[in-house]
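Number of protein chains: 2
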Amino acid sequence: MPLQISDLGDAVLHTHYAVRGPIVARAQELERSGRQIVYCNIGNPQSLGQKPLSYIRNVLAVCEQPELIRTGAGIFEHDVLEKARYIMEASKYGLGAYSDSKGLSFVREAIADFIKTRDSFGDVVQHVDPNHVYLTDGASKGVQTALRLLISSEKDGILIPIPQYPLYSATITLYGGQQVGYYLDEESGWSLSEEMLEDAIHDAIKRSVRARAIVVINPGNPTGGVLSEENMRMVVRFAKRHNLSILADEVYQQNVYKPGARFISFAHIMSSMKEREVSLFSFHSISKGFFGECGQRGGYMEVRNVPEEVIAQITKLQSVALCANLPGQILTFLLVSPPKQGEPSYSRYTEERNAILSELARRAKLIYEGLNRIPGFSCQPIDGAMYAFPSITLPKGRSDEEYCMALLEAKGICVVAGSGFGQKPGTAHFRTTILPPTDQLARVIEAIANFHKNWN
Amino acid sequence: MPLQISDLGDAVLHTHYAVRGPIVARAQELERSGRQIVYCNIGNPQSLGQKPLSYIRNVLAVCEQPELIRTGAGIFEHDVLEKARYIMEASKYGLGAYSDSKGLSFVREAIADFIKTRDSFGDVVQHVDPNHVYLTDGASKGVQTALRLLISSEKDGILIPIPQYPLYSATITLYGGQQVGYYLDEESGWSLSEEMLEDAIHDAIKRSVRARAIVVINPGNPTGGVLSEENMRMVVRFAKRHNLSILADEVYQQNVYKPGARFISFAHIMSSMKEREVSLFSFHSISKGFFGECGQRGGYMEVRNVPEEVIAQITKLQSVALCANLPGQILTFLLVSPPKQGEPSYSRYTEERNAILSELARRAKLIYEGLNRIPGFSCQPIDGAMYAFPSITLPKGRSDEEYCMALLEAKGICVVAGSGFGQKPGTAHFRTTILPPTDQLARVIEAIANFHKNWN
């Protein structure tokens, strides 16, 4: 008899990943039948018209065909060819050979330098060990490696924010662990509170769950919130008190729109606290920021405050599927080593980067203001990341899943229901990206407003 | 307290992956201290001098920088630019956007056509559903998805050949399942026998293990064997009798050196048997064959005789990490849709392909003959794949692990001990690739012969 659904285990069957769930399947169906769909379900900038940065694609093209170092002089800037030549030499075998399980060493060294530069301010002189940096196929694969390490029985729990990015809930379920949700405080811009964290831990203890780690997504997905330094210090103290590792999902670190705000990493906060007892796994990606190179699957995980014998175990896990893809590794290298002032590609790179970031900031503001103008909507400031997660008032007894499906059918707008991310009982939300082109945004918001008025 | 090794679970701690284990770590250490190392531990052709095919890298370079469609007319052949233009259109958003979880649909359709053409001969007209094809980051990730689906408790067992490729043992351990080894018959060129398969099943029953699937690697890794059609039919009947899925690892399908032999897929065999009750997962890769594009991590999994509700579960699993990397997807497309006769790139492509394949065949023969000349060595014919797995006579009480470590220290040759792949108790082997350049091979074999004579 062929494999049956009844042969599959609960871990597989119970795994849910809303960002690509039934609403998206229905959207694709409608699109195939000729409907125009605006996909606001997933942070996939290049599918909504964002152009890749010229410099990074030029360098990558030359690395894929190194003969261009010789033949491409009339086409590419001098520094593009130089960079490609450097990459070819430093990688030793180019893009077609497996790298070390951790990734190419010159890329890991460049990442270490990037983190040092990013985090060394105030009292902090940041230290980074390139041997504790792992190149991954997008941040998702890094997160899965960390969770793999931390979940070894059905008693192992991971604290995740509510709302959260469903990679976490899906992977925890798949690995047979326990989700321990902690609520974010919507009214204060989705900040964390010590009380809510302690509530979550007590809930875990009541369920006989051994909490192993806390996931923090900053800037927040789906919330758009950016944590305060005090909030982050509180999390570190909390993690120490309860012997938790911290998983810091910092893939939106280049997407901070709040005027005057800057991104601060957990690595910086922990260094400033001289904290060496709390293990930290932090993640970055080429898919977000201003690269938006989702399809190329690049990213890294940096691990700190972890003994060498655990590092060896992580390396072993990474080695089973050999290595992260090399084009993604090269793009991660370019993310952390952009063109320098004075180099021919510098000004175009800077212009393209700034254009993308200011466009995203403009859209964040438009969506925030537009959604808040809709009666029955309340949206917190979008200080960072790529999403709005408005609270919506629904007729009694109706769910945000029904709402989102109906919005899709009526207006061709594909968003993800709040239930896919988690939310306080009795509330309803949806997540929309801020990625549709500015000239479409007003129409999208108007369509949502019209839909909302008439749906019941 | 930071995360400790004692916090980790048995699944992680007990996972072993010999191809990148302690011997390789020691080789890298020696290399850093200035020693010359010949890496024969891993099928990584481009690290040993194999050049990537010009055509595929040209197309990929243009896809990474589509401006080259316009600016690259003086550099690239017309059909390269045409192919890139087609890919850009068919993919809709190029290489920077997430694709569908299954992979780009035009690539899955091209794969379906490739399988149809490959498998339609004799009485068989092969049918393939592109919706049952999944693009994966190398074949490894496809294998892991299939095993994820099949292993849901510690009672679930997977039949794997002994010797096997350690991806299987490592992943089964990591997912908390049971390995059920079946021996290959070394003396008959590593063929399978019904008796040995039945022995394995009985062993499983005795251990209260529920056998879920059988893994077959054909052409064989590490053995170099190519299965006969009769052997394959026997496996299908066996799988049917015991209600097993088949995992057909066919990544070396383009590496068959035996004169007059051709690769035959399990999909073809099952179609010729009109077998619709046995679920089949088959795997292919861009890392082997004549592409050798290991670093780009591309491949596919084709699933057949599986109900749609199980297909939906596989798609869900793939969606959690979003999609396989797009450059790897594009290379997989190029693998299954090479230049056609009459196109400008055809002759160079064909020449480069043939040169690589005939070089590999020459090396397979050289190594087979060379190893068999060493007293105390016995090596089966290398009919396919990229490895030799000679049986070696060791002094009493010594292991092949010690032997390989000593060979590395003495001669700078890095091979993997037979124990990493599994072998009959009381026998000793090692795996070496056939990849070192032909002019180095004679020296490598001589060095092994000298070492073997003196080691005790």
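Residue numbers (the numbering used here), protein chains in the order written: chain E, 11 to 466; chain X, 11 to 466. Beta carbons: idealized from backbone N, C-alpha and C, even for Gly.
Beta-bridge partners of residue i, as assigned by DSSP
| i | result |
| --- | --- |
| Thr146/E | Gly309/E |
| Pro171/E | Tyr192/E |
| Phe440/E | Ala427/E |
| Arg314/E | Leu290/E |
| Val90/E | BP columns for Val90/E are empty, so no partner. |
| Phe387/E | Ile402/E |
| Tyr413/E | Beta-bridge pairing links Tyr413/E to no other residue. |
8 Å Cβ cutoff, residue i in contact with chain X
| i | result |
| --- | --- |
| Ser43/E | no |
| Tyr498/E | Nothing in the structure corresponds to residue 498/E, since chain E is present only between 11 and 466. |
| Ser111/E | yes |
| Tyr27/E | yes |
| Ala210/E | no |
| Gly9/E | Missing from the structure shown is residue 9/E; chain E here goes from 11 to 466 and no further. |
| Ser203/E | no |
| Gly309/E | no |
| Pro32/E | no |
| Asn51/E | no |
| Ser218/E | no |
| Ile47/E | no |
| Leu159/E | yes |
| Pro349/E | no |
| Gly469/E | Here chain E covers residues 11 to 466 and nothing more, so residue 469/E does not appear. |
| Gly394/E | no |
| Leu451/E | no |
Residue-level contact to chain E via CB, residue i, 8 Å cutoff
| i | result |
| --- | --- |
| Pro12/X | yes |
| Tyr103/X | yes |
| Lys326/X | yes |
| Lys298/X | no |
| Gln56/X | yes |
| Leu332/X | yes |
| Gln264/X | no |
| Pro447/X | no |
| Asn253/X | yes |
| Pro261/X | Just to set this straight, residue 261/X is Val in the shown sequence, not Pro. No, because no Cβ of chain E sits closer than 8 Å to the Cβ of Val261/X. |
| Ala71/X | yes |
| Glu74/X | yes |
| Ala21/X | yes |
| Gly338/X | yes |
| Ser292/X | no |
| Cys304/X | yes |
Residue i classed as buried or exposed, judged by whether at least 16 other C-beta atoms fall within 10 angstroms
| i | result |
| --- | --- |
| Lys93/E | buried |
| Gln46/X | exposed |
| Asn464/X | exposed |
| Ala214/X | buried |
| Pro32/X | exposed |
| Gln154/X | buried |
| Arg408/E | exposed |
| Gln14/X | exposed |
| Glu5/E | No answer is possible for residue 5/E: it lies beyond the span of chain E, which begins at 11 and ends at 466. |
| Asp410/X | buried |
| Arg80/E | exposed |
| Asp259/E | buried |
Cβ of residue i within 8 Å of any chain B Cβ
| i | result |
| --- | --- |
| Gln323/E | Although the question refers to chain B, the structure presented lacks it and instead comprises the protein chains E and X. |
Inset, instruction - Would you list, in sequence order, the uninterrupted alpha helix (DSSP H) runs of no fewer than 4 residues that lie entirely inside the region 92-139 of chain X? - result: The region 92-139 of chain X is shown to contain whole alpha helix (DSSP H) runs of 4 or more residues at 115-129, in chain order.
Legend entry - chain E contacts from the region 405-417 of chain X (Cβ-Cβ distance under 8 Å): Answer set for the region 405-417 of chain X: empty.
Inset, instruction - Output the residue ranges of the beta strand (DSSP E) runs that lie fully inside the region 194-262 of chain X and measure 3 residues or longer, sorted by chain position. - result: Fully enclosed beta strand (DSSP E) runs of no fewer than 3 residues occupy 220-227 and 255-259 of the region 194-262 of chain X, in order along the chain.
Legend entry - Completely contained alpha helix (DSSP H) runs for the region 20-65 of chain X, where each covers 4 or more residues: The region 20-65 of chain X contains these whole alpha helix (DSSP H) runs: 20-23 and 32-42.
Legend entry - Any beta strand (DSSP E) of 3 or more consecutive residues that is wholly inside the region 294-370 of chain E: Segments of the beta strand (DSSP E) lying fully in the region 294-370 of chain E: 309-314.
Legend entry - chain E contacts from the region 178-200 of chain X (Cβ-Cβ distance under 9 Å): Correct list: Ala180, Thr181, Leu184 and Gly186.
Legend entry - Near-chain E residues of the region 129-156 of chain X (beta-carbon distance less than 8 Å), N- to C-terminal order: Answer set for the region 129-156 of chain X: Asp147, Gly148, Ser150, Lys151 and Gln154.
Inset, instruction - Can you give me, in chain order, the residues of the region 277-289 of chain X that have a beta carbon less than 9 Å from any beta carbon in chain E? - result: Taking a C-beta cut-off of 9 Å against chain E, the contacting residues of the region 277-289 of chain X are Arg286, Glu287, Val288 and Ser289, listed in chain order.
Legend entry - Near-chain E residues of the region 425-436 of chain X - C-beta to any C-beta below 7 Å: Answer set for the region 425-436 of chain X: empty.
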